[in-house]
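J.:
See below:
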């Protein structure tokens, strides 16, 4: 398999680059068809500009041609045929009856109406008005308008049912939830399909290269089988158009800064707090402190420069088209040692080898270099470090560990290099053969190759006065340490399909059948050694301490899938729509290899009925519904195979006998997760198509969800656990999308749009009976518990009733038998509810206290266009969810700093607060005191642009010039007192939580999350 993959990938690279041949327009005529008189003409848009590359087809025949560079065409009509069909992406398809005419002037209308847009549905396309499924689309130009790195982050708030949880960390990919969370162990992110390439990572794509992003939210995603349960996002990149070469340059540059920083206590507030909680510590007469205030966030964070450039060249003729682009991103992180750079190149080419045979290639290359930061103890120490210790002076550092049990975060960042370089090649080649106009055979091969290396070097330093301003403390690294890793990943897909697409009078029928073969291989070699020289040129394991053996690990994975797909879509008179598909997937990951994933859908275009002709309200009204089954096989390969140790000695009847023992228990009947989803929705446009919208109800049930179940130690399993299908989840909700577009005058237009999603998430069954734990916050241990009847990642803590104001309140807090419930409490301590009524406070009193799963999330936007000026704004937010303030809870020493707001509100003898305790330490139990509202509203993007007028453009000889200023995450309205309400999860070390490998169970806990950033940038769009 490896040899086949390597050879196939080599062929891919050889075929992907070629010279697009420019030739004059050529008529495509089916042999042996009787010809009538010739017809010629020109195709233009509403502004009178010629449109090259328009497909001109004789209705119900295979005869046709494409327009030339000036929009011209010429062809002969077969006997008895006099209707031409004009079609081009981005324009409304038009039918014209020729009659006695020999020359035509055709004007195509732009398909600004969402109903006329062509949507990618998986192995095919379809007009949005003909869809029976819930599929949403975003234009690439809307994504590229924002100064962000990834397309999905740019889509935040633009698609109903799609929750985007982003991070401010450079080169990070947002977490995406399509209609809720339906899995824990197998992950909840969607499948991405980029020009036919199946992947789970799209960080290599420039937003400027994207034409459209289509999201399959309902059962229509079942065409992708065992990878479709979490939804499918299909990205189509740009292609060239027939005509003269077009050059486009997009760029923006600006800076990012941390937003929503929490103000920490200053010197006086900290000293006052210290006098109460640790009176033995002298904050004045101590060699480690100074007489100023250190703002540790100011010492470590910065205004970070960023820039993004992309240039493309496109063009072609009737014989072929080309699109070439190159991009460069450079972005400094807001943490001083963090930075990211990425170079991208893309080549998309189509060649019409003959009238019936087309060759297609799409290739991209990216090279990324990142210096990461450690977001565990180092970043948490920014919050904990005392403000009375100096950060750094003259190359030496303040000794925070000498004063308190916390390391100097600035020193830790500067003494660690965490670098990664990654090269990625992604692309596909395909042949399409159409012997007749209604039949197409397609064979395509695509690959996704990733090669990278990591180098993590920890510099040697001691707790002496060479490193620190004052020697002492426990922060030191007596031996340098190098960790190197080389990895590569190869995935490939070979798909073969045949499509029948024909219209018979009022009947339209499309039939697809095909096979899909997939292979995947990954390997990693990792080594560690101490005392490697400091020079980066000498960072090799063999140059380390020869007396200490290197630690080497070598891992890998390999699996394959074989699939068969089929789909039928039928329409009658553009009123009655039916669709059905089936996918059979065979996966090497399971003993029971085959699964079947069907879907059916129906639509009724009510507005096309006779009884709707006289009404003036609706321009379009459609009712649609769908049902289907989707799968998820994202688990370790061979998770069903038990591992046996052999040659083990046993004593039987006083005789040593060699035998074997099961080392790792596995479930031999393991299978993929299965999600059944049904959807019913309305699509409409009203008031002369100025108002358009969609309303959907969905119900999504996942069964056989994968979880890890604990086993008794006496069974002999090495980790006392195994993977099995033992959980069920449900997501149910509503989606509403509305868009209004209108013009006040010829010079003044505006748009207003918005969407909102209401979702209820619930774990409906735990067959193993063991709740799923996650969110390990210091000594508080797990703070989330996912159990029957509750949402994924529900917080499970004690209920705080307030603060004991005095001893009398403690003495009077009794159970029904007169027993004091918290006899060990002191004034200023938190007061907890005796939930089970046993007269004492312990872990049996924990309650379910909400989760990070929002009850609703939403986005809305508006745009204004006045002459050459444009102004746009987009907002995003969610409501009804909870956040756990883990930073506030993670205090391991009385000398740790506190928040300024807490310093002013906490209980003291002179200010007996009833809301905030006198002290928070690592021994403070997890409770609702640390749980806050996660509701927020953010101004995601604000952009003001100016475009030169056509008259000015013509004078300077360019086709478009626009300059703009933009801001991302300008402000956030929130109730949460912490840094960011956007907490994707996966940043907590949950080594003891076997079910939280994907980070889903710790989402919504602020502990080590990278700060949200605010961006200001100046940009330009130029076309020649």
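Numbering (the working numbering), first residue to last: 222 to 1245. All residues carry an ideal CB built from backbone N, CA and C; glycine is no exception.
1) Short check: CB of residue 1203 to CB of residue 386, under 8 Å?
2) Could you tell me if residue 1047 is buried or exposed, where buried requires 16 or more neighbouring beta carbons within 10 angstroms of its beta carbon?
3) Measuring CA to CA, which of 812, 485, 305, 1197 is closest to residue 605?
4) Where do the ends of the alpha helix (DSSP H) carrying residue 521 lie?
5) Indicate whether the contact test is met: 3 or more Cβ pairs, each with one atom in the segment 750-769 and one in the segment 694-701, closer than 8 Å.
6) Confirm, please, whether the CB-CB distance from residue 594 to residue 662 is below 8 Å.
7) From this set, 1052, 1072, 1073, 1079, which residue's C-alpha is nearest residue 1066's C-alpha?
8) Specify, as a first and last residue, the run of the alpha helix (DSSP H) that residue 364 falls within.
9) Could you give the C-beta distance for residue 1200 and residue 1233, rounded to a whole number, given that I count them as a contact under 8 Å?
10) Taking C-alpha atoms, which residue in 902, 853, 353, 911 lies nearest to residue 896?
11) In the DSSP assignment, find the alpha helix (DSSP H) that holds residue 1030 and state where it starts and stops.
12) Excluding the 5 residues flanking residue 1115 on each side, which residues of the same chain have their C-beta closer than 7 Å to its C-beta?
13) Just to confirm, are residue 1187 and residue 368 a CB contact at a threshold of 8 Å?
14) Quick one: using the 10 Å Cβ neighbour count with 16 as the cut-off for buried, is residue 1225 buried or exposed?
15) For residue 252, which residues from the same chain have a beta carbon less than 8 Å from its beta carbon, with the 5 sequence-adjacent residues on both sides left out?
16) DSSP three-state call for residue 284: helix, strand or coil?
17) So what does DSSP say about residue 259, is it helix, strand or coil?
18) Quick one: residues in its chain with C-beta nearer than 6 Å to the C-beta of residue 1244, no 5 flanking neighbours on either side, listed in chain order?
19) What's the C-alpha gap between residue 812 and residue 1240?
20) For the segment 1037-1086, list the beta strand (DSSP E) runs that are entirely contained and at least 3 residues long, ordered along the chain.
21) Which class does residue 298 belong to by DSSP, given the choice of helix, strand or coil?
22) Write down the C-beta distance between residue 954 and residue 980 rounded to the nearest angstrom, noting that I regard them as a contact closer than 8 Å.
23) Would you mind giving the Cβ-Cβ distance between residue 461 and residue 537, rounded to the nearest angstrom? I have them listed as a contact below 8 Å.
24) How long is the line joining the alpha carbons of residue 412 and residue 948, rounded to whole angstroms?
25) Do residue 1063 and the ligand GDP come close, with the Cβ less than 7 Å from some heavy atom?
26) How many Å lie between residue 260 and residue 303 at the Cα?
27) What separation, rounded to the nearest whole angstrom, lies between the Cα atoms of residue 249 and residue 572?
28) Which of helix, strand or coil does DSSP assign to residue 459?
29) Specify the secondary structure class of residue 476 as computed by DSSP and reduced to three states.
30) Rounded to the nearest angstrom, what separates residue 778 and residue 1175 at their Cα positions?
31) Kindly indicate which residue of 381, 816, 822, 964 has the alpha-carbon position closest to the one of residue 797.
32) Could you check whether residue 452 and residue 415 sit closer than 8 Å to each other, using their CB atoms as the reference points?
33) Would you mind working out which of 732, 1206, 871, 858 sits nearest residue 891, comparing C-alpha positions?
34) Roughly how many angstroms lie between the CA atoms of residue 1222 and residue 782, to the nearest whole one?
35) In its own chain, which residues sit with a C-beta less than 7 Å from the C-beta of residue 723, not counting the 5 before and 5 after it?
36) Could I get the ranges of all uninterrupted beta strand (DSSP E) runs contained in the segment 385-453, with 3 residues as the minimum, in chain order?
T.: The short version:
1) Taking 8 Å as the Cβ cut-off, residue 1203 and residue 386 qualify as a contacting pair.
2) Exposed, by the Cβ-count rule.
3) The shortest C-alpha separation from residue 605 is found at 485.
4) Its alpha helix (DSSP H) spans residues 517-521.
5) The segment 750-769, when compared against the segment 694-701, does touch it at the 8 Å Cβ threshold.
6) Not closer than 8 Å, so no.
7) That would be 1052, whose Cα lies nearest to the Cα of residue 1066.
8) Where residue 364 is concerned, the enclosing alpha helix (DSSP H) stretches over 361-365.
9) Confirmed, about 7 Å.
10) Here the closest residue by C-alpha is 853.
11) Taken as a continuous stretch (DSSP letters only), the alpha helix (DSSP H) holding residue 1030 covers 1028-1033.
12) Only 498, 499, 1142 meet the Cβ criterion.
13) Contact: yes.
14) Its Cβ being crowded by 16 or more others within 10 Å, residue 1225 is buried.
15) At residue 252, the pLDDT of 36 sits below 50, so the modelled position is not reliable; the number obtained from the coordinates is stated separately. Apart from the 5 residues on each side of it in sequence, residue 252 has no Cβ closer than 8 Å to any other Cβ in its chain.
16) Three-state result, residue 284: coil.
17) Of the three classes helix, strand and coil, the one that applies to residue 259 here is strand, per DSSP.
18) Around residue 1244: 469, 1180, 1181.
19) Taking the CA atoms as reference points, residue 812 sits about 54 Å from residue 1240.
20) Fully enclosed beta strand (DSSP E) runs of 3 or longer: 1051-1053.
21) Strand.
22) Contact flag correct, Cβ pair sits at about 4 Å.
23) Yes, residue 461 and residue 537 are in contact; Cβ-Cβ is about 5 Å, under 8 Å.
24) Taking the straight line joining both Cα atoms gives about 22 Å.
25) For the structure depicted, the ligand GDP is absent and the ligand set is empty, with no information on it obtainable.
26) Distance between the alpha carbons of residue 260 and residue 303: 10 Å.
27) Bear in mind that the predicted position of residue 249 carries a pLDDT of just 33, short of 50, making it too unreliable to give a figure here.
28) Residue 459 carries a coil assignment under DSSP once its states are collapsed to helix, strand and coil.
29) Of the three classes helix, strand and coil, the one that applies to residue 476 here is strand, per DSSP.
30) If I take the Cα positions, the gap works out to 58 Å.
31) Just measuring C-alpha positions, the residue of 381, 816, 822, 964 sitting nearest residue 797 is 822.
32) No, Cβ-Cβ distance for residue 415 and residue 452 is not below 8 Å.
33) The closest CA to that of residue 891, considering only 732, 1206, 871, 858, is found on 858.
34) Taking C-alpha positions only, residue 1222 is separated from residue 782 by approximately 29 Å.
35) Sequence-distant partners of residue 723 (beyond 5 residues in either direction) whose C-beta falls short of 7 Å from its own C-beta, in its chain, are 659, 730.
36) DSSP runs (the beta strand (DSSP E)) wholly in the segment 385-453: 396-399, 412-415, 418-420, 431-437.
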